[in-house]
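Beneath this line is the structure, given in structure tokens, with notes to follow.
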Amino acid sequence: GAVVSQHPSRVICKSGTSVKIECRSLDFQATTMFWYRQFPKQSLMLMATSNEGSKATYEQGVEKDKFLINHASLTLSTLTVTSAHPEDSSFYICSARDRRILSLETQYFGPGTRLLVL
Amino acid sequence: KQEVTQIPAALSVPEGENLVLNCSFTDSAIYNLQWFRQDPGKGLTSLLLIQSSQREQTSGRLNASLDKSSGRSTLYIAASQPGDSATYLCAVRPGFQKLVFGTGTRLLVSP
Numbered sequence: 001g002a003v004v005s006q007h008p009s010r011v012i013c014k015s016g017t018s019v020k021i022e023c024r025s026l027d028f029q030a031t032t033m034f035w036y037r038q039f040p041k042q043s044l045m046l047m048a049t050s051n052e053g054s055k056a057t058y059e060q061g062v063e064k065d066k067f068l069i070n071h072a073s074l075t076l077s078t079l080t081v082t083s084a085h086p087e088d089s090s091f092y093i094c095s096a097r098d099r100r101i102l103s104l105e106t107q108y109f110g111p112g113t114r115l116l117v118l
Numbered sequence: 119k120q121e122v123t124q125i126p127a128a129l130s131v132p133e134g135e136n137l138v139l140n141c142s143f144t145d146s147a148i149y150n151l152q153w154f155r156q157d158p159g160k161g162l163t164s165l166l167l168i169q170s171s172q173r174e175q176t177s178g179r180l181n182a183s184l185d186k187s188s189g190r191s192t193l194y195i196a197a198s199q200p201g202d203s204a205t206y207l208c209a210v211r212p213g214f215q216k217l218v219f220g221t222g223t224r225l226l227v228s229p
């Protein structure tokens, strides 16, 4: 089946530093990737939708200058949390759509990245 | 704004019990509803997807129902097993791609 990986699986960083999270589709090409954030005991919240080769579309309330998304290839999207602060500590999950599958509903999710900002 | 609520937040049952997880959503204008399973350290796994025109979907021991007009869905798990222990997420699709998730139900099935 389709596999989506994320790297790193967990990261601890100091406040003020930037952190990059990678999302890769391992056995398919993804025209669209989604980035979600999940705080403890809360639901997954869509942060942004990225399409290969174009700018990401951010959800209301998500700062695009703080959460930089790059989808430079059909198998890789990156989320960079710039100048991270403790309130950015969360679980970040990506998902990807297989370009071969016409159904817009089919998304494959990565295992998530746990970010802790000290 | 679409809001999705799941009840209960946590559930602990002995193996073999039949159980029902509930999901409610505030806006009935959805394309479909999807149930996922989330395991620690792993990605979400899609369990069942119900189109807005459908009433229910079944897969093995799982049965999901949808009452769009009342904004409710249930996930029925028959003869629960310890391997069913996970967090179950309900999500609705107000648009073609976007998913709005509920807060989840953490299920623990003890042997």
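Heads up: the protein sequence lines correspond to chains A and B, in order. Going by the working numbering, the first sequence opens with residue 1, and the numbers climb by one from there. Going by the working numbering, the second sequence opens with residue 119, and the numbers climb by one from there. All C-beta atoms, glycine included, are put in the ideal place defined by N, C-alpha and C. Computed from a predicted model, the values in this text were never measured in an experiment.
Quick check: the region 72–89 of chain A against the region 15–24 of chain A, are there 3 or more CB pairs under 8 Å?
yes
What whole-angstrom Cβ distance do A2 of chain A and D27 of chain A have, given they're in contact under 8 Å?
6 Å
Kindly say whether R99 of chain A, judged by its beta-carbon, lies nearer than 9 Å to any beta-carbon of chain B.
no
Looking only at its chain, what residues have a beta carbon closer than 6 Å to the beta carbon of Y194 of chain B, apart from the 5 residues adjacent to it on each side?
Exclusion of the five residues before and after Y194 of chain B leaves V138, N181 as the residues of its chain whose Cβ lies within less than 6 Å of its Cβ.
Quick one: residues in its chain with C-beta nearer than 6 Å to the C-beta of A96 of chain A, no 5 flanking neighbours on either side, listed in chain order?
Answer for A96 of chain A: V4, S25, A30, M33, Y108, listed in chain order.
Strictly below 8 Å CB to CB, what residues from chain A border V122 of chain B?
S43
By how many angstroms is the C-alpha of A72 of chain A removed from the C-alpha of S225 of chain B?
Correcting the residue identity first, residue 225 of chain B is Leu in this sequence and not Ser. Each residue's Cα considered, the two are about 39 Å apart.
To the nearest angstrom, how far is it from the Cα of C141 of chain B to the Cα of K66 of chain A?
33 Å
In chain B, what lies closer than 7 Å to T80 of chain A by C-beta?
Against chain B, the beta carbon of T80 of chain A has no neighbour under 7 Å; the closest one sits roughly 21 Å away.
Mind checking whether L151 of chain B and L162 of chain B have CB atoms under 9 Å apart?
no
Report the residues of the region 134–148 of chain B with a CB closer than 7 Å to any CB of chain A, ordered along the chain.
none
Determine the chain A residues that contact T221 of chain B at a beta-carbon separation under 9 Å, and present them in chain order.
K41, Q42, S43
What are the partner residues of F121 of chain A, as DSSP defines its beta bridges?
No statement about residue 121 of chain A is possible, as the shown extent of chain A runs from 1 to 118 and does not include it.
Measure the Cβ-Cβ separation of S15 of chain A and G112 of chain A and say whether it is below 9 Å.
No, the pair does not count as a contact, with Cβ atoms beyond the cut-off.
Mind pulling the beta strand (DSSP E) runs of 3 or more residues that sit fully within the region 151–189 of chain B?
Listed in chain order, the beta strand (DSSP E) elements of length 3 or more contained wholly in the region 151–189 of chain B are 162–169, 174–177, 180–185.
Starting from F34 of chain A, trace the beta strand (DSSP E) both ways and give me its first and last residue.
30–38
Can you tell me the Cα-Cα spacing of Q38 of chain A and L115 of chain A, whole angstroms?
When rounded, the distance between both Cα atoms is 11 Å.
Mind listing the chain A neighbours of G178 of chain B? Cutoff is C-beta to C-beta under 7 Å, in chain order.
Within 7 Å Cβ-Cβ: nothing; G178 of chain B doesn't reach chain A, min ~17 Å.
Do D88 of chain A and V117 of chain A have their beta-carbon atoms positioned less than 9 Å apart in this structure?
yes
Going along chain B, which residues have a C-beta under 7 Å from P111 of chain A?
G159, K160, G161
What residue does the beta strand (DSSP E) around N136 of chain B start on, and which one ends it?
Unbroken run through N136 of chain B: none, as it is neither H nor E.
Please work out which residues of its chain come closer than 6 Å, Cβ to Cβ, to E52 of chain A, disregarding the five sequence neighbours upstream and downstream, and give them in chain order.
Excluding positions up to five away in sequence, the list reads T31, H71, L74.
What would DSSP say about E194 of chain A, mapped onto helix, strand or coil?
Nothing about residue 194 of chain A can be reported from this structure: the residues present for chain A run from 1 to 118 only.
L46 of chain A touches chain B at which residues, Cβ-Cβ below 9 Å?
The contacting residues are K216, L217, V218, F219.
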